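Positions 2 to 182 (this note's numbering) are the ones given, in order, by the sequence shown.
Structure, as structure tokens:
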Amino acid sequence: MCDRAGAWLVLILGFAGWSASLTLTIERFRLLTEPGYTPSCSIDPTISCGSIMASPQAAVFGFPNPIIGVVGFSVVVTLGVLAVAGTAVPQWFWGSVALGAGLGVAFVGWLIFQALYRINALCPYCMVVWAATPALLATSARQLWPNSIVVQWRWTLLTVGYVIVAVLVFLRFQDYWLSLL
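Below is the structure:
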């Protein structure tokens, strides 16, 4: 059974990822159906969900990527609710969530590269998913391999990953960030 803090973390991460994915999906449909619509997360040329949504990378499998998040994070929210309620969740289910989160981390890594070096824009809602997915992997992996050395160092590894992404974002858009000072 998942410990109380881990259960709440799964629920919070799932809800954050689901909310961001749902918002992106709605914004994407509005962009497609309302000529001249500017997404709420398009603030300027650098922080621009619209630029990302208009790119080919936004629909890798032929439909908007955030739909994957809406479905996947719905499963995570359900798992979080069950875990918070104290329900014994089978190991195979935790394994499925960890596998999904692992695939999600790989996909998020590719999307980060695309956003930074191909599309040249940042999407705040996407960045919520960027943050939630690896943390979800760390949390779900703990349920499977509690004594693994990697799992014991998961928060350090996660923090290092976040710092690397933050540095890459800063370096890629440093002219923009410095112009704000």
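Glycine included, every Cβ here is placed at the ideal spot set by N, Cα and C.
If you're wondering where the values come from, they're calculated on a predicted model, not measured in any experiment.
Asked: Helix, strand or coil for Leu123 per DSSP?; Found: strand
Asked: Which residues in the same chain have their Cβ closer than 7 Å to the Cβ of Thr26, if we skip the five residues on either side of it in sequence?; Found: Pro65, Pro67, Ile68 and Val71
Asked: How is Ser43 classed by DSSP in three states: helix, strand or coil?; Found: strand
Asked: Short check: CB of Thr134 to CB of Val11, under 8 Å?; Found: no
Asked: Considering Ala21, what are the terminal residues of the alpha helix (DSSP H) in which it resides?; Found: Arg5 to Thr34
Asked: In the DSSP assignment, what are the bridge partners of Ile48?; Found: Leu123
Asked: Buried or exposed, going by whether 16 or more other CB atoms sit within 10 Å of the CB of Ala6?; Found: exposed
Asked: Could you pull the start and end residues of the alpha helix (DSSP H) that Leu92 belongs to?; Found: Reading the sequence as shown, one finds Gln at residue 92 and not Leu. Element bounds for Gln92: Gln92 to Gln115.
Asked: Mapping the DSSP letters down to three states, classify Pro67 as helix, strand or coil.; Found: helix
Asked: Classify Gln107 as buried or exposed, calling it buried when 16 or more other Cβ atoms lie within 10 Å of its own Cβ.; Found: Looking at the sequence provided, one finds Ala at residue 107 rather than Gln. Exposed, by the Cβ-count rule.
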